[in-house]
Amino acid sequence: MSDGLISPAAFVGPGVELGARVSIGPGAIVLGPCTIGDDVFIGAGAQIGAPPEMTDQPQNAAWSGDLAHAGVRIEAGAVIREGAVIHQGSYRETTVGAGAWVLNRAYLAHDVLLGAGSTVSAGVSIGGHCVIGARVNIGMNASIHQRVFIGAGCMVGMGTPLARDLPPYVKAFGSPARIHGLNSIGMQRHGIDEAQIEALQRAYAQGDLLLDGVIEWSGDFAAVVAQWRERDNRRPAVYAA
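Note that our numbering has the sequence shown beginning at 190, numbered continuously upward.
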């Protein structure tokens, strides 16, 4: 049980496990099954743990102890702001990674995996089954189609409707969404060396968005590339820069 500040006007249902120093604001609803890590902040009116919006899934009354579905997991240090909505997973936990921020009125549908340190800005909608890497920034009111993959370190412009995948560390915006170059500043901030930044820039400029070329990636960035390469049925957005 949390020793943090939980408003008496919040509802924390059966099957919810709270870490230490969790804060939950007035009017927030947290339904189980749900696991919340240490030092998580949940703002007023946030709604976490409603059933998946799927016609073949039970619309269960979790508040009365009728638990179903695969759960929600919010990892340590994450921030969920006012009015955000996060739904239960249907076959895996809908997950907000450590230190991620989900801003006001944002929506994460069933089975979404949001990477550590990522930011989902106000009004963003993310469809079911999406996978979003670490340190991604999604701008206000963007709409992410179901089953889309967004690689680590990407930036998605505000208002962007994204229906195709993004390889690591690109900038994407427009309607339809297009890739507009490399998030090189993000790579530098994340400690990726200049040689790898230049190699990635060349690969994308040459049309190798799948990163299937023979390049020796190193360190943590090698894992980022591996995550992208292992993704089934990749359909990257068009490269426009």
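Beta carbons are placed, not taken as given, at the ideal position from N, Cα and C, and that holds for glycine.
Residue i burial status per 10 Å Cβ neighbour count (16 or more: buried)
i, result
"ALA250", "exposed"
"ARG424", "exposed"
"GLU282", "buried"
"LEU207", "buried"
Endpoints, alpha helix (DSSP H) assigned at residue i
i, result
"VAL414", "408-418"
"ARG378", "373-378"
"GLY361", "In the sequence as presented, Gly is not what sits at residue 361; that position holds Ala. Here ALA361 belongs to no alpha helix (DSSP H); instead the beta strand (DSSP E) covers 359-362."
"GLU387", "383-394"
Beta carbon of residue i nearer than 7 Å to that of residue j
i, j, result
"GLY356", "TRP417", "In the sequence as presented, Gly is not what sits at residue 356; that position holds Pro. Yes, they are a contact pair."
"ILE321", "GLY304", "yes"
"GLY316", "ILE339", "no"
"GLY375", "GLY342", "yes"
"VAL211", "VAL229", "yes"
"ALA295", "ALA323", "no"
"PRO203", "GLY221", "yes"
"SER373", "ILE386", "yes"
"TRP290", "VAL268", "yes"
Nearest-angstrom Cα separation, counted from residue j out to residue i
i, j, result
"GLY312", "ALA331", "7 Å"
"GLY226", "ILE237", "14 Å"
"ALA352", "VAL337", "7 Å"
"ASP401", "ILE213", "45 Å"
"VAL403", "ALA233", "49 Å"
"ALA366", "THR284", "25 Å"
"ALA209", "ILE231", "13 Å"
"ILE368", "GLY288", "26 Å"
Bridge partner(s) assigned by DSSP for residue i
i, result
"THR284", "ARG262 and LEU302"
"ILE231", "ILE213 and ILE269"
"ALA239", "HIS276"
"LEU399", "Paired residue(s): none; LEU399 is not in a bridge."
"ILE195", "ILE213"
"VAL345", "ILE327 and ALA361"
First and last residue of the uninterrupted beta strand (DSSP E) at residue i
i, result
"ILE225", "223-225"
"LEU207", "205-207"
The ligand MN heavy atom lying under 6 Å from the CB of residue i
i, result
"ASN372", "The model depicted lacks the ligand MN and carries no ligand whatsoever."
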